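Notes to accompany the following structure.
Residue numbers (our numbering): 166 to 390.
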């Protein structure tokens, strides 16, 4: 059986008008990962990704570092939820702002609100505008995993976002709710999660690894947003 490598996209553009765009560092992170995977002697039978720009750009950068990858299959079920819509569904009016005297509170404030919004969406207490239900979101991720299990026998490279990858881990381990949110909010950019693909199921091998960023580059290459 093969291995499914689930890669979170490189650093995007947090705080910019268009978050869905790799930063220069995000491109370098993914190129570095491609070089690392090539150095391990891996060969991929197929590549999959969501349709968001940061997914497409991350896979392109991975391919540049790897030296060429199979043409990707784009699966909308691997797309991330809309974090702003998740928060607005819980707070139709603007919530209290972060503490202006705390330089880090803006970052923490964003993720506090996101956690609250995700808890409400997962529990069915809110329905964010323009989004599927949480059950449909999970079904899209499950369909992508089933596609890999039934259509491929070799190693597969998949590029997505923290939400779908955390959801995939939750499906494999039988987790839901708060533990899945915890996995999501701790996922690092360009990190790799590995599943062994068995005839009837996936088995978790590793989670959120960044071996390509732990040697030869500065600590500032390891990012979360």
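Ideal placement from N, C-alpha and C gives every residue a C-beta, glycine not left out. On a predicted model such as this, the values are computed, not experimentally measured, just so you know.
Beta-bridge partners of residue i, as assigned by DSSP
| i | result |
| --- | --- |
| residue 237 | 212 |
| residue 283 | Bridge partners of residue 283: none, in fact. |
Terminal residues of the alpha helix (DSSP H) in which residue i lies
| i | result |
| --- | --- |
| residue 197 | 189–204 |
| residue 369 | No alpha helix (DSSP H) holds residue 369; the beta strand (DSSP E) holding it covers 367–374. |
| residue 359 | Segment 357–362 is the beta strand (DSSP E) holding residue 359; no alpha helix (DSSP H) there. |
| residue 222 | 218–231 |
| residue 347 | 343–350 |
| residue 255 | 248–255 |
| residue 300 | 299–316 |
Residue interval of the beta strand (DSSP E) (run including residue i)
| i | result |
| --- | --- |
| residue 403 | Summary: the structure shown does not reach residue 403, with the chain confined to residues 166 through 390, and so no result is reported for it. |
| residue 323 | 320–325 |
Chain-order list of residues whose beta-carbon lies under 7 angstroms from that of residue i (same chain, five-residue window excluded)
| i | result |
| --- | --- |
| residue 363 | 166 |
| residue 374 | 356, 357 |
| residue 345 | 331, 332, 335 |
| residue 295 | 247, 250 |
| residue 279 | 248, 251, 252 |
| residue 341 | 335 |
Proximal residues to residue i (C-beta, below 6 angstroms), its chain only, five neighbours per side dropped
| i | result |
| --- | --- |
| residue 200 | 230 |
| residue 274 | 263 |
| residue 348 | 331, 334 |
| residue 300 | none |
| residue 228 | 234 |
| residue 410 | The question about residue 410 has no answer here: the residues shown for the chain are numbered 166 through 390. |
| residue 339 | none |
| residue 319 | 167, 210 |
| residue 394 | Missing from the structure shown is residue 394; the chain here goes from 166 to 390 and no further. |
| residue 322 | 170, 209, 212 |
| residue 371 | 359 |
Chain-order list of residues whose beta-carbon lies under 8 angstroms from that of residue i (same chain, five-residue window excluded)
| i | result |
| --- | --- |
| residue 293 | 246, 247, 250, 251, 253, 254, 282, 286 |
| residue 185 | 177, 178, 217, 218, 219 |
| residue 197 | 230, 355, 377, 378, 382, 386 |
| residue 304 | 242 |
| residue 343 | 284 |
8 angstroms Cβ cutoff, residue i in contact with chain C
| i | result |
| --- | --- |
| residue 377 | No chain C appears in this structure, which consists of one protein chain only. |
Proximity test, residue i beta-carbon vs the ligand ATP heavy atom, cut-off 7 angstroms
| i | result |
| --- | --- |
| residue 385 | This structure simply doesn't include the ligand ATP, nor any ligand for that matter. |
Three-pair Cβ contact test at 8 angstroms for the region 176–193 versus the region 204–223: Touching, yes, given that three or more Cβ pairs across the two stretches are closer than 8 angstroms.
Pairing CB atoms from the region 246–262 with CB atoms from the region 220–234, are three or more of them under 8 angstroms? Taking 8 angstroms as the limit for Cβ pairs, the verdict is that the region 220–234 does not touch the region 246–262.
Does the count of Cβ pairs from the region 226–244 and the region 300–310 closer than 8 angstroms reach three? Yes: the two stretches touch, three or more of their Cβ pairs being nearer than 8 angstroms.
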